[in-house]
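Residue numbers (this note's numbering), protein chains in the order written: chain A, 6 to 698; chain B, 2 to 183; chain C, 167 to 324.
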Amino acid sequence: MIAEIGFVALSVAFALTVYATAVSAWGGWREQPVWVQSARSAVLLTAGLLTLSVGTLIYSLQISDFSIAYVAENSNLAMPSYLRVSALWGGQAGSLLFWAWLMSCFVAAVLVGKWDRDRDLMPYFISVATLTTGFFIGVTLFISNPFTRLWLVPGADELTIALFSPAGAMLYSLPDGNGLNPLLRHFGMIFHPPTTYLGFTGFVVPYAFAMSALISGRARDDRWIRTSRRWTLVAWVFLSVGLLLGGRWAYDVLGWGGFWGWDPVENAMLLPWLTGTAFLHSVMITERRGMLKVWSVLLIVLTYSLALFGTFITRSGVISSVHAFGTTALGPAFFIFIGVTFLATMGLLVKRLELMRSDHEMESFLSREAAFLLQNVVFLAITFVVFLGTVFPLLSELFTGDKVTVGPPYFKATAGPLFAVLLLLMGVAPLIAWRKQVAARLGDQLRIPVVASVVLTAIWGYMYESPWVAYPALWLVVFATLAILVEFWKGIRSRTSQGENPVAAFNSLITRNRRRYGGYFVHLAVIMIGMGFIGEAFFQQQTQGTLAQGESLHMAGYTVRFDNLRQYIGPDGRQVTDATTSVLKDGQLLATLHPRQDFFAEHGQRVTAPDAYSTFGGDVYVILIGWDNIGTGGSTFKVYYNPLIAWTWIGAFVLIGGTLVAMWPQAAGRTQRTYVLKPVSQGPRLGTGGAAS
Amino acid sequence: MQERLPVGTRSRLRTLVGFSSILALLGLLALLGWGLRQTHAAQPDDGMAPGFTLTSFDGETTSLEELRGKVVIINFWASWCIPCRAEADDLEAMSRKYADDVVFIGVDYADTEKGALKFIEEYGITYFNGPDLGTRIASEYRIKSVPETFYVGKNGELQGLRIGPLSPGELEFKILELLDDR
Amino acid sequence: MRRRLLIVIMTMIAAGFAAPAMGQEPAPSDDQVNEIAGDLYCPVCPNTPLDVCETLACSEWREQIREQIASGMSESEITDYFVEQYGERVLAKPRRSGFSLVLWILPLVGVGVGLIALGGVLRTWRREQEPEAANTADDSAVSAEMRQRIEEELRNLS
């Protein structure tokens, strides 16, 4: 009964999105606000209905209603209740419902509160946003429905999966379910999908704003760009955290020693993050200087398109990946959807871009604006490289008939140097003034960070030997960090010189200019995350060996000793083989690690659970690879030394904190000072004026 | 003023950029569409069997074209594949029984030579067996896993396929059917 | 996200692990094997590097690499052997030849085009501003020098 309520709610929600899309566009076109009002109510109701629908599925998972196919496939009696909640996104159908729900919540959130601030855009905003939401609801409803039940038709030897009772059939409830895919039974998998989905779905808001600006032709007004920036920041921070949680999951569960494998699905998540980050920077120029409007719109649209592209890749199985959902009927539906979306968007852009032309003025190549533009170019270059590497297997199969693999070495070789340029810009660009920077003064400002970072890198290089590429990478990290810290220090000093104590000075510095210092925190976070990547790329060490009890492996000054191996049955029926190993340094016991192998007989799946001893300097990461019969022979271990990886996880927290600082509303009454003296000329201009890009 | 690009050039440049972006987008969509069709494409089970040339572990070479007029059984296998072991004896027995009328070809998919030879020895396999170099034959036949068995009629056309291990008697039944077919 | 595993692989995993070779003569170490296997991908599992792949097939391939090292083959010879046997998809890093060259050239082209476009756009904008400055100065109540001084001072404020 409960499932049917969820199904009915889903159906009504679908009808409402169709209604809202049509009525809102009509209201906008005929300028009849009453229709737009009605569409708004429909959107709010849709969010409510989907909440109900998700609620019924969660409830069904909690009460283990194994007559529902989805519940039977993705949960079982042994699962604790938090895992039952996560089973909501553990399978295809549930994750689509979850996706549609999140998206509808985003759209609804825009429409509560001061929704009529952007009165001109709202009709089309609603239309575009509900069209997209409607697609996801439709797919959930018609192709991959989580509310289908199991039926036993007399005489048939297989259960029928259907929404409604086939003639003469009986509802059939399985005694127990399949259980969640073993790989997903990890805290990272509980939070990774929701945060990633929040990131992906959140981009629908800026996209719908951009599209509505293009459709209505009222794009000259800037306010929607500001609103979009805020929503993009929300989506962006969720996507960032989602990416990091996914990395943490891979690190803890997949047991290959790293956290980022440049797999197509991982890349597909990274792509919108890259363009989204570029947008968050370009939009600052748009807000400050009224420039680059077209460019910012392009970046929003690109971000959302890449999010859709990523969803398509993940769900269609077009590009083989370790994460793909497998081939289903979803592929064609998604293909048509992204095809129509891309073409419509592109058509609208080509037709309407002229409307958004803004006045450009650039005083100097050495200015914040120019630095931002260069940063944007670099971000797009990375996007291009990652995109190319992701679709290349397909491209090569088409042209040569041979599939090739594009693995981490390619991405490290191509995207790596580009990321290095970003690090450099991160250090230098915040010091460059808007409009025009005097080179000599920039040199003065950079002196301390440059000198200090060179000295530190030299000392470090003297102490540890490493491949030559490691030196510029480390120098960049140190330089960028110092450049940011010097900014903080200068701000604090100018306050303490007026008699404030340092803590208060730090506080007021940040509260006075949240966006700027929040941004610096985020930059520091990105540097920390980058340190993990640099550690993995240049300094990772690994060794493997088969040990008898009491024997050890030695690496990077650490000793890993194999003490004991035991086997037992875990609470959810997994067969656990658990090795006890000791990590020692200079004869001193640092930690006891338990790398495991879990075998899930019912899934025929083996999960390697590594264990790690973590310090700020690096992780000792131990994997149990194999064993002979207990007690008789040796066990094989692989040990990695992963330098600096802890900073990646610390960086995740700093990133969240920094974004919160930046997003926190500025205290009322304080407005940003801008130094634009010249009025933006609206009158006729000489020549064709400045069209962007 | 004089230094600025002429109006015509700029608008032409803009048209060019717009045009090439649309082309790139269409190209991407075409690529994705093709990829989607590839993933959804069914394995061939009728029509002319895709031709191939295979060199056996003993160094002999044969091609499907040469075998026109005979019933051919193409079996994809690998030494690391457990179900392949289940059908190995049956395949060998049938290849002996119908040695005059049916040609058996074992295509060793993504395997180590050592493992494959051990497998062949273990099951006393005598029919033609060779490694699928570069997994080209496998991709022609779009195999999704091993074992898979394709039946080729005397006219060189595919007469069905079996995904997964052959059940006992299944192979002989199919062979008789194919031999019967003129 | 569900990890898709081909049926093949499940059956392979079920078979467990090959016992490490414990030969009499000093066999190449696991580290030597992994160093080569790390640059290769498992020929049958989707996107899994050979050195971490847990299937039976992969451990056989690793054993094969071990034997190849023992027989004196160099890393590139072993890699070439893998490409010949299983196709180019076993390479983690695509070759810099043939069609894969596209993969290495296009990023350079892309960065080049991006930088040229950036340079061009910046130049155009800088030029556009000059005639405009002259234009607005005429009908402005503030003289050009005056504005310049104000802007200068504002800049120093920041």
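Backbone N, C-alpha and C fix where the C-beta goes; we use that ideal spot for every residue, glycine too.
On the DSSP letters alone, give me the boundaries of the alpha helix (DSSP H) that residue i sits inside.
i               : result
I454 of chain A : With the sequence shown as reference, residue 454 of chain A is identified as Pro, and Ile is not the correct amino acid for it. From DSSP, the alpha helix (DSSP H) with P454 of chain A extends over A444 to M468.
A8 of chain A   : I7 to R35
T620 of chain A : Careful: T620 of chain A lies outside any alpha helix (DSSP H) and carries neither H nor E.
A52 of chain A  : P38 to Q67
E149 of chain B : Element bounds for E149 of chain B: not the alpha helix (DSSP H) but the beta strand (DSSP E), E149 to V153.
P277 of chain A : P269 to R294
Y99 of chain B  : First-last for Y99 of chain B: undefined, no H or E at that position.
So with Cβ pairs under 8 Å, would you call residue i a contact of chain A?
i               : result
F265 of chain C : yes
S21 of chain B  : no
Y247 of chain C : no
L26 of chain B  : yes
W291 of chain C : yes
A193 of chain C : no
At a threshold of 7 Å, does residue i count as lining the ligand HEM (C-beta to nearest heavy atom)?
i               : result
T653 of chain A : The ligand content of the structure shown is nil, which means the ligand HEM is not present either.
How should residue i be labelled, buried or exposed, when 16 other C-beta atoms within 10 angstroms of its C-beta is the threshold for buried?
i               : result
R35 of chain A  : exposed
V396 of chain A : buried
Y87 of chain A  : exposed
Q190 of chain C : Because Q190 of chain C sits at a pLDDT of 46, beneath the cut-off of 50, its placement in the model cannot be relied upon, and the point is left open.
Q97 of chain A  : buried
I68 of chain A  : exposed
Q251 of chain C : buried
T62 of chain B  : exposed
M194 of chain A : buried
N200 of chain C : buried
V108 of chain B : buried
What number of angstroms, rounded off, separates the C-alpha of residue i from the C-alpha of residue j?
i               : j               : result
V174 of chain C : K175 of chain B : Confidence at V174 of chain C is low in this model, with a pLDDT of 37, below 50, so its placement is unreliable and the value that follows should be read with caution. Approximately 25 Å, taken between the alpha carbons.
I106 of chain B : Y142 of chain B : 14 Å
T245 of chain C : T136 of chain B : 16 Å
V513 of chain A : G504 of chain A : Checking the sequence, you will find Ser at residue 513 of chain A rather than Val. Answer to the nearest angstrom: the Cα atoms are 13 Å apart.
P209 of chain C : T56 of chain A  : 44 Å
L649 of chain A : R519 of chain A : 29 Å
F129 of chain B : S57 of chain B  : 6 Å
F317 of chain A : G336 of chain A : 7 Å
P689 of chain A : V527 of chain A : Residue placement at P689 of chain A is flagged as unreliable, the pLDDT there being 39, under the threshold of 50; the coordinate-derived value follows with that caveat. Using only the alpha carbons, I get a separation of about 42 Å.
H559 of chain A : A203 of chain C : 21 Å
R234 of chain A : R223 of chain A : 18 Å
Y573 of chain A : E243 of chain C : 44 Å
Y195 of chain C : R232 of chain C : Checking the sequence shown, residue 195 of chain C turns out to be Ser, not Tyr. Their Cα atoms are separated by approximately 8 Å.
L595 of chain A : P414 of chain A : 34 Å
Where does the unbroken beta strand (DSSP E) through residue i begin, and where does it stop?
i               : result
R611 of chain A : Q610 to A614
W78 of chain B  : V72 to W78
H197 of chain A : Unbroken run through H197 of chain A is the alpha helix (DSSP H), F192 to G207; no beta strand (DSSP E).
P477 of chain A : Segment A475 to T501 is the alpha helix (DSSP H) holding P477 of chain A; no beta strand (DSSP E) there.
A172 of chain A : Counting along the chain, A172 of chain A falls outside any beta strand (DSSP E), and DSSP gives it neither H nor E.
Closest Cβ-Cβ distance between residue i and chain B: below 8 Å?
i               : result
G253 of chain C : yes
A223 of chain C : yes
P209 of chain C : yes
V323 of chain A : yes
E241 of chain C : no
Q325 of chain C : Outside the shown range of chain C (167 to 324) lies residue 325 of chain C, about which nothing can therefore be said.
Determine, using beta carbons only, whether residue i comes closer than 8 Å to chain C.
i               : result
V411 of chain A : yes
R675 of chain A : For R675 of chain A, the predicted model reports a pLDDT of 44, less than 50, meaning its position is unreliable; a value from the coordinates is still stated below. No, R675 of chain A does not count as interfacial toward chain C.
L162 of chain B : no
G70 of chain B  : no
Q547 of chain A : yes
Can you list the residues of chain F that residue i reaches, using a CB-CB cut of under 9 Å?
i               : result
A258 of chain C : Looking for chain F here will not work: the only protein chains present are A, B and C.
Interface positions of the segment 30-61 of chain B facing chain A (Cβ-Cβ less than 7 Å), listed along the chain: L30, L32, L33, G34, W35, G36, L37, T40 and H41
Near-chain C residues of the segment 613-627 of chain A - C-beta to any C-beta below 8 Å: T613
Near-chain C residues of the segment 471-498 of chain A - C-beta to any C-beta below 9 Å: none
Chain-ordered residues of the segment 383-416 of chain A with a beta carbon less than 9 Å from chain C: V383, L385, A386, F389, V390, L393, G394, F397, P398, L400, S401, F404, T405, D407, K408, V409, T410, V411, G412, P413, P414 and Y415
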